[in-house]
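Chains as they are written, first to last, in this note's numbering: chain A, 3 to 130; chain B, 3 to 130.
This report concerns only the one structure given below.
Protein chains: 2
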Amino acid sequence: MSNKELKPTDAELDVLRVLWEHGPATVREIHQRLPATPHRGYTTVLKLLQIMSEKGLVRRDESQRAHVYSVEASMEQTQQKLLSHMMDKAFDNSMSSLVMRALATRPASKEELAEIRKLLDQIEGESK
Amino acid sequence: MSNKELKPTDAELDVLRVLWEHGPATVREIHQRLPATPHRGYTTVLKLLQIMSEKGLVRRDESQRAHVYSVEASMEQTQQKLLSHMMDKAFDNSMSSLVMRALATRPASKEELAEIRKLLDQIEGESK
DNA sequence: GTGATATTACGAAAGGTTTCGTAATAAAGT
DNA sequence: ACTTTATTACGAAACCTTTCGTAATATCAC
């Protein structure tokens, strides 16, 4: 009933990022924590959350006067969904070409590269 | 005048993929090569190309009766743009977290992992 | 040239996104 | 209770995407 092909839009991602970082929050809290640019009115954020609620992107707790919203899917799950979609649409379904393009685009620091190597070791270790 | 923030839409990406693989092509050729599902009428594809032309995503050669379209940006450039945007929107501007999430999501084959390692070596080699 | 065919141009509809103004409602202050 | 304040609900506008039908235009066959 829920998981169709729901890719959060860019504006929705801005909201989700606040919720991921801050945890459950009211419209007012979210509105305050949203980036200053682009500017968004209070009711704009409210409407966004109402729509996201219908889509199943967020959950709404109405027990308080000011409803409290929280994410439905973890940041990790959402990131995976976004990456899978992009891999399908623009990388011929090959995650390795996506990864290689990413690495070639924005070289990471030494520490980050080391982390990536560690992850590669893990993956190869498991696959044995 | 050209490079604003032009992220090709999903339908536009379908068209671009044909052009990247096949090279410059007419509407008819593109229409035929497009995936069967979702079905798209001929004039739908034409309209898409006209809009993409205005956006600067494709170039149009009108010297022939049937206009010939070609991409404005290479596949690599477009992939980079898409990845940068996603990194900004959903990965806190960290390419390494994007890469690690990608690797964790869809493990690659042994050969692909080896390729990635090679690329890591290259990057670290250069940064010295 | 006339008619058939293929292509482009145009416009519009349907749906989604994003924005916000205004109204309704609830809570709090006095 | 009444007024003020904060919140939600509703609806609409502006814009974009995607779709396609119809009209205009060019090309080709004869």
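Quick reminder that beta carbons are idealized off the backbone N, C-alpha and C, glycines included.
Going by C-alpha positions, B:Glu78 is about 47 Å away from A:Ala68.
According to the DSSP assignment, A:Asp123 belongs to the alpha helix (DSSP H) that extends over 112-128.
In the pairwise beta carbon analysis, the region 89-109 of chain A is classified as touching the region 83-95 of chain B: at least three pairs are separated by under 8 Å. Residue contact with chain A for B:Leu59: absent (no Cβ-Cβ distance below 8 Å to any residue of chain A). Note on the region 54-103 of chain A: whole beta strand (DSSP E) runs with a minimum of 3 residues are 60-63, 70-73, in chain order. If the five residues before and after B:Met89 are omitted, its C-beta is found closer than 8 Å to the C-beta atoms of Asn95, Ser96, Met97, Leu100, all from its own chain and listed in chain order. Taking 7 Å as the Cβ-Cβ cut-off, the region 7-19 of chain B approaches chain A at Asp12, Leu15, given in chain order. In the pairwise beta carbon analysis, the region 12-21 of chain A is classified as touching the region 52-72 of chain A: at least three pairs are separated by under 8 Å.
In this structure, the straight-line span from the alpha carbon of A:Val47 to that of B:Glu74 is close to 36 Å. Here B:Leu115 is not near A:Leu105, since their CB atoms are 8 Å or more apart. Across the structure, A:Val29 and A:Glu23 are spaced so that their CA atoms are roughly 15 Å apart.
In this structure, A:Leu21 sits near A:Tyr71, with a CB-CB distance shorter than 8 Å. Exposure of A:Ala38 is indicated by the presence of fewer than 16 other C-beta atoms within 10 angstroms of its C-beta. Interface with chain B (8 Å Cβ-Cβ cutoff): A:Val47 is excluded.
Around B:His33, the same chain offers Tyr44, Val47 as residues with beta carbons nearer than 6 Å, after the five sequence neighbours per side are excluded. Non-local beta-carbon contacts of B:Lys9 in its own chain, meaning distances under 8 Å to residues more than five positions away in sequence, involve Lys83, Leu84, His87 in chain order. The Cβ atoms of B:Pro109 and A:Ile125 lie closer than 8 Å to each other. Against chain B, the CB of A:Met54 has no partner CB under 8 Å away; the residue lies outside that interface. Between the alpha carbons of B:Leu50 and B:Leu18 lies a distance of about 11 Å. In terms of Cβ geometry, B:Gln52 and A:Phe93 do not form a close pair [threshold 8 Å]. DSSP, read as helix, strand or coil, puts A:Thr39 in coil.
Chain order gives the chain B residues near A:Ala110 as Met97, Ser98, where near means a beta carbon separation below 7 Å.
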